[in-house]
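K.L.:
I'd like to ask some things about the structure below.
Number of protein chains: 6
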Amino acid sequence: MATFGMIEYADASPEVRAVYDDLMATRQTDYINNFWKALAHDPAALKRTWESIKQIMAPGALDPLTKEMVYLAVSATNQCGYCIASHTAAARKAGMTEAQFAELMAVVGMANESNRLASGYQVEIDERFKTGA
Amino acid sequence: MATFGMIEYADASPEVRAVYDDLMATRQTDYINNFWKALAHDPAALKRTWESIKQIMAPGALDPLTKEMVYLAVSATNQCGYCIASHTAAARKAGMTEAQFAELMAVVGMANESNRLASGYQVEIDERFKTGA
Amino acid sequence: MATFGMIEYADASPEVRAVYDDLMATRQTDYINNFWKALAHDPAALKRTWESIKQIMAPGALDPLTKEMVYLAVSATNQCGYCIASHTAAARKAGMTEAQFAELMAVVGMANESNRLASGYQVEIDERFKTGA
Amino acid sequence: MATFGMIEYADASPEVRAVYDDLMATRQTDYINNFWKALAHDPAALKRTWESIKQIMAPGALDPLTKEMVYLAVSATNQCGYCIASHTAAARKAGMTEAQFAELMAVVGMANESNRLASGYQVEIDERFKTGA
Amino acid sequence: MATFGMIEYADASPEVRAVYDDLMATRQTDYINNFWKALAHDPAALKRTWESIKQIMAPGALDPLTKEMVYLAVSATNQCGYCIASHTAAARKAGMTEAQFAELMAVVGMANESNRLASGYQVEIDERFKTGA
Amino acid sequence: MATFGMIEYADASPEVRAVYDDLMATRQTDYINNFWKALAHDPAALKRTWESIKQIMAPGALDPLTKEMVYLAVSATNQCGYCIASHTAAARKAGMTEAQFAELMAVVGMANESNRLASGYQVEIDERFKTGA
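Protein chains in written order, with our numbering: chain U, 1 to 133; chain H, 1 to 133; chain E, 1 to 133; chain R, 1 to 133; chain Y, 1 to 133; chain D, 1 to 133.
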């Protein structure tokens, strides 16, 4: 059992329900996953986090699938079990194929490796990489 | 100064030069960045790492720009200064616009935030996210 | 099952019991949590770690509740499941309210986000932040 | 030099200036630190991040000094150089004494140590720590 | 249940079986652990990862036990549950005693602590530590 | 410049000098590195940290070189610049050869890669790895 009970729609305050409603409408689903039901213990955080994620994950210069895969890449790097499970599901819903998942994990793994090689060998930043925009 | 001197092409062994040559040909550049010049102290690691990165970063189910942005997302999450600088440059070379960079960073930041909220609230994985392939 | 069995009080050596006794007296409890029972496989580490934690967590310039919340903030950042569970319990015992927990998590989440934005944007340290004590 | 030039007030768009103005008014300062000047390349992220931080760091169930110290604890755990420098300055401005800083670092260090001992020893969560709210 | 079913030997393609065979021969075991059975969903990654690990973990300037303990140290630092369990088993198979495990964890814990103290106190690198090879 | 000035031997209190003296005697050196001079702002932390490190890094079931290499492996994983520089120097002083350093980094890199593959593929712990001591 989680430390915090999940706040179900039926038990939610109007403020929390408003977020749940917007989340379900935006994502075209009737399912509220546990992350939100836990965060609902803090309605201000629920609303703020949802509004930010809604804005950040909307289609823009990057398409939704790319954004979901980046989210999954960060979650795998941080080794957040909940986040890996939920964002693997979200990325699949957004169209991620098994082949794309496999390539994504390969890049994530290699980046985590070379990050440590660069640090361990104390590699200096190349002058040409320092040039500002 | 880095702990390890950089091994320049002129000073490199044939084994190291072969990797440098393949890297420059593959990336269509005449520049070897410091990461490789440092790693060249271990020719086996240089060759193994380059062969892996060459294979992983090649176009496939994911395009090269997406792969570079994922690499950058991991590097920013790990806060590897060298890697952020070099992969920001690589992603730009692969076509990343300023707008794409900004959206990428927004996703990376939010994922790092929600990863901790999920962990801190001890959110249990939804049953539907546990369904295997 | 954990890799290491838990060393119960009844089975503990005098050296381990002395730590258990001091821990229970200091914390005014008759419960030894699993962390200590596992660490008891290395009596020197058990004693050293307990002595350090006892010294560090004692009231001082920071009060015990603040210290417990900082401990929880670090554990959530590192995504250590055991530590989040045990230090949430400890912080509550020290008086943390639900409102304080929620604000704590909000700060932890935001700090993890802005840490990556600062790194990803390669922000230079302001001159005024470099001024030594 | 950072990858992105800093956007100074004089060069900022009205949208960016509005955030800068609110930030300076809220913090009672005439100084905009580099984090914001870099993030200003993405006005939407600038506004969203500032609004979130303003809301999260406001006095509430936790006082501003405690919040700043938690922010610093997370930044030290993540080893974000910019963030450590800027939030050490912010915590001092909020009243952090040298003794409080020293105790804060001691807790951060010990939490990072015991997090790994708990994970490395594969300690199972005590039943009593699983009891939900 | 894991997201990806495990690919058993009986169900594996010739390409995957070749890796399984080499792994079992190299490690002198008839057991394939879950990591490989999951990674087998991407035969190219399976082969690449196995070839790299086979090369890296072979006896060389460092003996196999030392390498397994370093692998475990990294896994404990990253708090990867699967990796801690599997590499604790591997290190024991390579000869790690309980006393060695305990000392290993003590070093891992202390390094994680002092890493944050060094960062939090913003300690500058000593000139003598900057001298290159 | 670091936030905290370094406390030199000539300016140190008797309590701090006692730690410096013991450190120099134990390590057979007349050099105090910056980490300790910064930590000396908190004499209790200085003494506690030194006593712990002295105990942990002493020869035991693991030899000093192995311990220094594990310390370096953790520091590279955490990407702590100061710690990588100082512990590379310490490991060399303890006898680490260039070949050993290269193999160490290879293991560190690969462990960081496979940690994320295990997490990303949501690999379940093998039953045989769960068997307790």
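Heads up, the beta-carbon is just placed ideally off N, CA and C, and yes, glycines get one too.
Would you identify the three-state DSSP class for MET6 of chain R, choosing helix, strand or coil?
P.N.:
By one-based count along the fourth sequence, residue 6 of chain R stands at place 6. MET6 of chain R falls in the coil class under three-state DSSP.
K.L.:
List the whole-angstrom C-beta distance separating LEU39 of chain E from LEU65 of chain R, where the pair is believed to meet the contact cut-off of C-beta under 8 Å.
P.N.:
Here residue 39 of chain E refers to the residue found at position 39 of the third sequence. Here residue 65 of chain R refers to the residue found at position 65 of the fourth sequence. About 33 Å; that fails the 8 Å criterion.
K.L.:
State whether the segment 109-125 of chain D contacts the segment 81-101 of chain D, with contact taken as three or more CB pairs (one from each stretch) at a distance under 8 Å.
P.N.:
Short answer: they don't touch.
K.L.:
Between the alpha carbons of ASN34 of chain D and LEU46 of chain E, how many angstroms are there, rounded?
P.N.:
As a first step, residue 34 of chain D must be located in the sixth sequence, where it is residue number 34. As a first step, residue 46 of chain E must be located in the third sequence, where it is residue number 46. Near 29 Å, if we compare the C-alpha coordinates of LEU46 of chain E and ASN34 of chain D.
K.L.:
Is there a Cβ of chain H sitting closer than 9 Å to that of ALA58 of chain R, yes or no?
P.N.:
For the purposes of this step, residue 58 of chain R is identified with residue 58 of the fourth sequence, where counting begins at 1. By this cut-off, ALA58 of chain R is not an interface position.
K.L.:
Interface residues of chain E around SER114 of chain H at Cβ under 8 Å?
P.N.:
As a position in the second sequence, residue 114 of chain H is number 114, starting the count at 1. Near SER114 of chain H (Cβ distances below 8 Å), the residues of chain E are GLY109.
K.L.:
Is the CB of TYR9 of chain U under 9 Å away from at least one CB in chain H?
P.N.:
Residue mapping note: residue 9 of chain U aligns to position 9 of the first sequence, counting from 1. No, no contact with chain H.
K.L.:
Is the segment 21-35 of chain Y touching the segment 80-95 of chain U in the sense that three or more CB pairs, one from each, lie closer than 8 Å?
P.N.:
Contact fails: fewer than three Cβ-Cβ distances are below 8 Å.
K.L.:
In angstroms with no decimal places, state the Cα-to-Cα distance between TRP50 of chain U and LEU23 of chain U.
P.N.:
Along the first sequence, read from residue 1 onward, the residue named residue 50 of chain U stands at position 50. Along the first sequence, read from residue 1 onward, the residue named residue 23 of chain U stands at position 23. Looking at the two C-alpha atoms, the distance is approximately 8 Å.
K.L.:
Taking DSSP as the reference, what is the three-state secondary structure of LYS130 of chain U?
P.N.:
Position 130 of the first sequence, counted from the start, is the residue given in the question as residue 130 of chain U. In this structure, LYS130 of chain U counts as coil in the three-state DSSP scheme.
K.L.:
Indicate whether at least one CB of chain R lies closer than 9 Å to the CB of THR88 of chain D.
P.N.:
Mapped onto the sixth sequence, residue 88 of chain D falls at position 88. No, its Cβ sits nowhere closer than 9 Å to a Cβ of chain R.
K.L.:
Ends of the alpha helix (DSSP H) at GLU15 of chain D?
P.N.:
Numbered from its first residue, the sixth sequence carries residue 15 of chain D at position 15. 14-27 is the extent of the alpha helix (DSSP H) around GLU15 of chain D.
K.L.:
Tell me, please, whether the CB atom of GLN122 of chain D is closer than 9 Å to any CB atom in chain R?
P.N.:
As a working note, residue 122 of chain D is residue 122 in the sixth sequence. Chain R, which has no Cβ nearer than 9 Å to the Cβ of GLN122 of chain D, makes this no.
K.L.:
VAL70 of chain H by DSSP, collapsed to three states: which one?
P.N.:
Counting from 1 along the second sequence, the entry for residue 70 of chain H is found at position 70. It is helical.
K.L.:
Going along chain R, which residues have a C-beta under 9 Å from GLN28 of chain E?
P.N.:
Position 28 of the third sequence holds residue 28 of chain E. Within 9 Å Cβ-Cβ: nothing; GLN28 of chain E doesn't reach chain R, min ~16 Å.
K.L.:
Which residue marks the beginning of the alpha helix (DSSP H) containing ALA91 of chain R, and which one marks its end?
P.N.:
Walking along the fourth sequence from the start, residue 91 of chain R turns up at place 91. Looking at the DSSP string, the run of the alpha helix (DSSP H) that includes ALA91 of chain R is 81-93.
K.L.:
Comparing the C-beta of GLN79 of chain R with each C-beta of chain H, is any distance below 9 Å?
P.N.:
Numbered from its first residue, the fourth sequence carries residue 79 of chain R at position 79. Judged by the 9 Å Cβ criterion, GLN79 of chain R is in contact with chain H.
K.L.:
Can you list, in chain order, the residues of its chain whose CB lies under 7 Å from that of ASP21 of chain H, leaving out five sequence neighbours each side?
P.N.:
Taking the second sequence and counting its residues from 1, one reaches residue 21 of chain H at position 21. Excluding positions up to five away in sequence, the list is empty.
K.L.:
Taking contact to mean 3 or more Cβ pairs, one atom from each stretch, closer than 8 Å, check whether the segment 118-131 of chain R and the segment 73-87 of chain Y are in contact.
P.N.:
At 8 Å Cβ cutoff, the stretches touch.
K.L.:
Please check the pair SER86 of chain R and PHE129 of chain E, which I expect to be a contact at CB under 8 Å, by giving their CB distance rounded to whole angstroms.
P.N.:
Within the fourth sequence, numbered from 1, the residue matching residue 86 of chain R stands at position 86. Within the third sequence, numbered from 1, the residue matching residue 129 of chain E stands at position 129. SER86 of chain R to PHE129 of chain E, Cβ: 5 Å. Contact.
K.L.:
Determine, using beta carbons only, whether ALA12 of chain Y comes closer than 9 Å to chain R.
P.N.:
To locate residue 12 of chain Y, count along the fifth sequence from 1; it is residue 12. No, ALA12 of chain Y does not count as interfacial toward chain R.
K.L.:
Grouping DSSP H, G and I as helix and E and B as strand, with all else coil, what is THR97 of chain H?
P.N.:
Sequence index remark: in the second sequence, residue 97 of chain H carries index 97 (1-based). Correct three-state label for THR97 of chain H: coil.
K.L.:
Is ALA2 of chain D close to chain U? Criterion is C-beta to C-beta, closer than 9 Å.
P.N.:
On the sixth sequence, position 2 is the one that residue 2 of chain D refers to. Reliability fails at ALA2 of chain D, whose pLDDT of 44 lies under 50, so the model's placement of it is uncertain and no value is given.
K.L.:
Quick one: does MET62 of chain H have its CB under 9 Å from some CB of chain U?
P.N.:
Counting from one through the second sequence, the residue named residue 62 of chain H turns up at place 62. For the sequence presented, residue 62 of chain H should be read as Leu rather than Met. So yes, LEU62 of chain H belongs to the interface.
K.L.:
Using a 10 Å radius around the Cβ and a threshold of 16 neighbouring Cβ atoms, would you call ASP42 of chain U buried or exposed?
P.N.:
In the first sequence, counting from the first residue as 1, residue 42 of chain U sits at position 42. ASP42 of chain U should be labelled buried.
K.L.:
Quick check: what's the CA-CA separation for MET6 of chain D versus GLU127 of chain E?
P.N.:
Stepping through the sixth sequence from its first residue, residue 6 of chain D is reached at position 6. Stepping through the third sequence from its first residue, residue 127 of chain E is reached at position 127. C-alpha separation (whole angstroms): 19 Å.
K.L.:
Any idea what DSSP makes of ALA58 of chain R, helix, strand or coil?
P.N.:
Looking up residue 58 of chain R in the fourth sequence gives position 58. In this structure, ALA58 of chain R counts as coil in the three-state DSSP scheme.
K.L.:
Using beta carbons (cut-off 9 Å, strictly below), is ALA133 of chain H in contact with chain R?
P.N.:
The sequence position of residue 133 of chain H within the second sequence is 133, counting from 1. Any answer about ALA133 of chain H is weak, because its pLDDT of 43 lies below 50 and its placement is not dependable; what the coordinates show is given next. Output row for ALA133 of chain H: interface = no.
K.L.:
Do ILE84 of chain U and LEU72 of chain U have their C-beta atoms within less than 9 Å of each other?
P.N.:
The residue you call residue 84 of chain U lines up with position 84 of the first sequence. The residue you call residue 72 of chain U lines up with position 72 of the first sequence. Contact: yes.
K.L.:
On a CA-only basis, which of D:LEU104, D:VAL123, D:PRO59 is nearest GLN55 of chain Y? Give me that one, please.
P.N.:
Stepping through the fifth sequence from its first residue, residue 55 of chain Y is reached at position 55. Ranking D:LEU104, D:VAL123, D:PRO59 by Cα distance to GLN55 of chain Y puts D:LEU104 first.
K.L.:
Using a Cβ-Cβ cutoff of less than 7 Å, which residues in the same chain neighbour ALA12 of chain E once the five nearest sequence positions on both sides are dropped?
P.N.:
Within the third sequence, the letter at position 12 stands for residue 12 of chain E. Same-chain partners within the cutoff: TYR20, ALA40.
K.L.:
Using a cut-off of 9 Å between C-beta atoms, extract the partners of ASP126 of chain U located in chain E.
P.N.:
Counting from 1 along the first sequence, the entry for residue 126 of chain U is found at position 126. Neighbours of ASP126 of chain U on chain E: none; closest Cβ ~14 Å, over 9 Å.
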